[in-house]
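To start, the structure under review is shown below, and the notes come after it.
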Amino acid sequence: MSTALNEPANDGISPGCRARPKRIRWGGTIFFKVEESVFEAPRYRFGEESEVFETMFHLPTASDGTVEGRDEEHPIVLEGYRAADFGALLSVLCPTTDDLISGRFALEKDEWIGVLNLSTRWIMKKIRKHAINELSKIALAPVEKVALGREHKVAKWFKDGLTELVSECPISPLTELKSQLGAEMACTLLWIHIQTLPKPGENGLFLASLTLGMLACCHWTCNGHILYQPAKCVVQELLEARALLRDLSLSFVFPQ
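Using my numbering, read the sequence shown as starting at 5 and increasing by one per residue.
What follows is the structure, given as structure tokens:
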């Protein structure tokens with residue numbers, strides 16, 4: 005009976021010249037504890053996406069030889085974070101087959117905000133960018149844009165939200181602005197909004213077309229012409245409001 009199936013094929017290459025199979029290291033699993041939940045995840049994904057975790061994984065072990073994160077009894081404890089946010093981040097770090105086939109993650113707005121929060125804190129640049137892109141597809145209220153832009157350093161949201169807020173008619177209630185933006189910014193935005201409202205001219209007419217986008221009035225005398233008021237030119241007030249809005253935007257430093 006032939007034993008050809010059991011004999012190695014002779015391809016003319018001596019056994020000593022054969023290349024060894026490539027060894028792929030996944031780095032094992034790592035355990036994290038967030039609030040009261042313990043998460044098990046591929047270690048290499050955190051080190052690959054975040055310098056923060058890559059540095060953490062190379063810290064010296066404890067004097068008793070215990071390695072944090074090696075097992076469920078000794079997880080890496082992440083204080084001050086929400087388990088729901090961490091779970092959402094894991095969904096992006098470790099996509100399922102359905103995620104890959106559909107080409108999208110089945111995450112809600114609050115979950116994407118959680119992903120943005122953690123990816124910003126842990127310098128996961130690619131994931132942060134993706135979270136910003138996904139949230140930009142969702143209809144965010146102006147006050148949300150300002151609050152999220154300020155907290156998570158998204159300059160476009162912050163600036164767009166400020167402009168939309170002062171252009172609202174009517175503007176959001178003061179209580180809502182204070183709760184999400186703080187009293188000082190809320191009052192500043194209300195003042196800017198008031199300066200952009202239509203104001204009566206000398207003939208009792210209202211001009212409703214002035215916006216913060218106007219840069220100057222072309223009249224050579226008062227810069228207000230028929231809008232002139234004895235106390236102050238309307239356009240001048242708009243320019244002051246625009247300058248204050250610009251200063252408000254520049255008062256926060258955003259990463260590139």
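We treat Cβ as the ideally placed atom computed from N, Cα and C, and that holds for glycine.
On a predicted model such as this, the values are computed, not experimentally measured, just so you know.
Assigned with DSSP and collapsed to three states, Ala145 falls in coil, not helix or strand. Asp89 counts as buried, since no fewer than 16 other beta carbons sit within 10 angstroms of its beta carbon. Per DSSP, the unbroken beta strand (DSSP E) holding Val42 starts and ends at Ser41 to Pro46. In the DSSP assignment, Phe35 is bridged to Glu44.
Separation of Leu97 and Gly107 (C-alpha to C-alpha, rounded to the nearest whole angstrom) is 14 Å. When secondary structure is reduced to three states using DSSP, Ile196 falls in the helix class. By the criterion of a C-beta distance shorter than 6 Å, Leu169 is surrounded in its chain by Pro146 and Leu193, once the five residues flanking it on both sides are discounted.
Minimum Cα-Cα distance from Val56 among the listed residues Trp126, Asn121, Gly165 and Leu104 corresponds to Trp126. When DSSP states are grouped into helix, strand and coil, Ile105 belongs to the helix group. Pairwise C-beta distances place the stretch 107 to 126 out of contact with the stretch 61 to 81, as fewer than three of them are shorter than 8 Å. In this structure, DSSP gives Val158 a state outside helix and strand, which the three-state scheme calls coil. The Cβ atoms of Lys113 and Ile142 sit closer than 9 Å to each other. By alpha-carbon distance to Arg49, the top candidate from Val42, Leu63 and Glu58 is Glu58. It is roughly 29 Å from the alpha-carbon of Ala159 to the alpha-carbon of Val38. The straight-line gap separating the alpha-carbon atoms of Pro177 and Glu72 is approximately 48 Å.
Looking at the DSSP output, Val81 bridges to Lys37.
Looking from the CA of Thr179, the closest CA among Ala187, Glu172 and Cys173 belongs to Ala187. Here the alpha carbons of His197 and Pro174 stand approximately 10 Å from one another.
Between Asp102 and Ala110, the CB-CB gap stays under 9 Å.
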